[in-house]
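If you're matching them up, the sequences are chains L and A in order. Sequential numbering of the first sequence, starting at 93, is according to the working numbering. Sequential numbering of the second sequence, starting at 927, is according to the working numbering. For reference, the structure discussed in these notes is given below.
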Amino acid sequence: DTEVTQTPKHLVMGMTNKKSLKCEQHMGHRAMYWYKQKAKKPPELMFVYSYEKLSINESVPSRFSPECPNSSLLNLHLHALQPEDSALYLCASSQALSYNEQFFGPGTRLTVL
Amino acid sequence: GESVGLHLPTLSVQEGDNSIINCAYSNSASDYFIWYKQESGKGPQFIIDIRSNMDKRQGQRVTVLLNKTVKHLSLQIAATQPGDSAVYFCAENINYGQNFVFGPGTRLSVLP
């Protein structure tokens, strides 16, 4: 299995809702990432986990809360989002940090009403 | 702040011709670079990488060139095919491999 899966594929939520994005990989990778990508823009790094510990938080607002329950799973919990948070949320994994190819999932298209 | 950028936002080439996509970077401490291809509705897909101790690296139909003197990176695609149509991003590795900064991207369109 050489892919990163993300669910759901699409998500529409109101500003008062709580929802979660899920990412899974079974490649034995120990680094996992969340990126945000707005239309016609490059991906922007949000969080990095290494060996299930948060390694980097790129000054992301607290309404985004990451969680890494085990080495194969990565969640992104969403609460009280704003319409400007609407974007494609990409998950990626790599064997480890440092000079390793990142494998990306197809993303979750999030719309905040 | 320092960032990765691209010379051309869009590129159209005839099928069968070679394509060259350019990228300028400004962080002299960057020592690892990746080219990604992103098709519509999909996540970025790894194409090829290069470390700063190399000037050139070749893959299947693709070549990456790195010129550290002028902080320039390029991706060459030989015999461009319709399936090569996508947005191409260069990504610059900083912070000892912990995170990547992506350039703004170039859209490649292959004309029949």
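Built from N, CA and C at the ideal position, the CB exists for glycine as well.
Measuring only the C-alpha atoms, how far is L165 of chain L from R201 of chain L?
Residue mapping note: residue 165 of chain L aligns to position 73 of the first sequence, counting from 1. Residue mapping note: residue 201 of chain L aligns to position 109 of the first sequence, counting from 1. When rounded, the distance between both Cα atoms is 19 Å.
What are the residues of the stretch 944 to 964 of chain A that lie near chain L, defined by any Cβ-Cβ distance shorter than 9 Å?
Against chain L - using a Cβ distance shorter than 9 Å - the residues of the stretch 944 to 964 of chain A are D957, Y958, I960, Y962 and Q964.
Simplified DSSP assignment, three categories, for E136 of chain L
Taking the first residue of the first sequence as 1, we reach residue 136 of chain L at position 44. Strand, per DSSP.
Fill in: Contact list for the stretch 131 to 146 of chain L against chain A, Cβ threshold 7 Å
P134, P135, L137 and V140
Mind listing the chain L neighbours of G1029 of chain A? Cutoff is C-beta to C-beta under 7 Å, in chain order.
Sequence index remark: in the second sequence, residue 1029 of chain A carries index 103 (1-based). Those are P134, listed as they occur along chain L.
inquiry  = Which residues of the stretch 153 to 173 of chain L have a Cβ closer than 7 Å to any Cβ of chain A? Give them in chain order.
reply    = none
Taking the alpha-carbon positions, what's the L205 of chain L to C115 of chain L distance? Walking along the first sequence from the start, residue 205 of chain L turns up at place 113. Walking along the first sequence from the start, residue 115 of chain L turns up at place 23. Whole-angstrom Cα-Cα distance: 23 Å.
(request) List the residues of chain A that P198 of chain L touches, going by C-beta distances under 9 Å, in chain order. (result) Numbered from its first residue, the first sequence carries residue 198 of chain L at position 106. Ordered by position in chain A, the residues that pass the 9 Å Cβ test against P198 of chain L are G967, K968 and G969.
Going by C-alpha distance, which of L:Q194, L:S186, L:A179 and L:A188 is nearest K101 of chain L? Counting from one through the first sequence, the residue named residue 101 of chain L turns up at place 9. K101 of chain L has its Cα closest to that of L:A179, out of L:Q194, L:S186, L:A179 and L:A188.
Subject >> Helix, strand or coil at P175 of chain L [DSSP, three-state] >> reply: Mapped onto the first sequence, residue 175 of chain L falls at position 83. It is helical.
Can you find a C-beta in chain A that's less than 7 Å from the C-beta of L182 of chain L?
By 1-based counting over the first sequence, the position of residue 182 of chain L is 90. By this cut-off, L182 of chain L is an interface position.
If we ignore side chains and look at the alpha-carbon of each, how far apart do E95 of chain L and P134 of chain L end up? On the first sequence, position 3 is the one that residue 95 of chain L refers to. On the first sequence, position 42 is the one that residue 134 of chain L refers to. Taking the CA atoms as reference points, E95 of chain L sits about 21 Å from P134 of chain L.
task: Put S929 of chain A into one of helix, strand or coil per three-state DSSP.
output: Here residue 929 of chain A corresponds to residue number 3 of the second sequence, with the count starting at 1. Unreliable positioning characterises S929 of chain A in this predicted model, as indicated by a pLDDT of 46, which lies under 50. The coordinate reading is nonetheless provided below. Note: S929 of chain A maps to coil in three-state DSSP.
When DSSP labels each residue in this structure, what does P1008 of chain A get in the three-state scheme?
-> Looking up residue 1008 of chain A in the second sequence gives position 82. Looking at P1008 of chain A - three-state DSSP - the assignment turns out to be helix.
>> According to DSSP, is E941 of chain A part of a helix, a strand, or is it coil?
In response: On the second sequence, residue 941 of chain A is found 15 positions in, with the first residue counted as 1. Residue state, collapsed to three classes: coil.
_Quick check on L992 of chain A: buried or exposed, where buried means 16 or more other Cβ atoms within 10 Å of its Cβ?_
Position 66 of the second sequence, counting from 1, holds the residue named residue 992 of chain A. So L992 of chain A counts as buried.
task = Could you tell me the boundaries of the beta strand (DSSP E) in which S151 of chain L lies?
result = In the first sequence, the residue the question calls residue 151 of chain L occupies position 59. Where S151 of chain L is concerned, there is no enclosing beta strand (DSSP E), given that its DSSP letter is neither H nor E.
Run through DSSP, which three-state label would M980 of chain A get? Here residue 980 of chain A corresponds to residue number 54 of the second sequence, with the count starting at 1. Reduced to three states, the DSSP call for M980 of chain A is coil.
Worksheet item: Does the beta-carbon of Q984 of chain A have 16 or more other beta-carbons within 10 angstroms, so that it is buried, or is it exposed?
Response: As a first step, residue 984 of chain A is located in the second sequence; it is residue number 58 there, counting from the start. Exposed.
### Message
Count Cβ pairs between the stretch 191 to 198 of chain L and the stretch 939 to 946 of chain A that sit closer than 8 Å; are there 3 or more?
### Response
The stretch 191 to 198 of chain L is not in contact with the stretch 939 to 946 of chain A.
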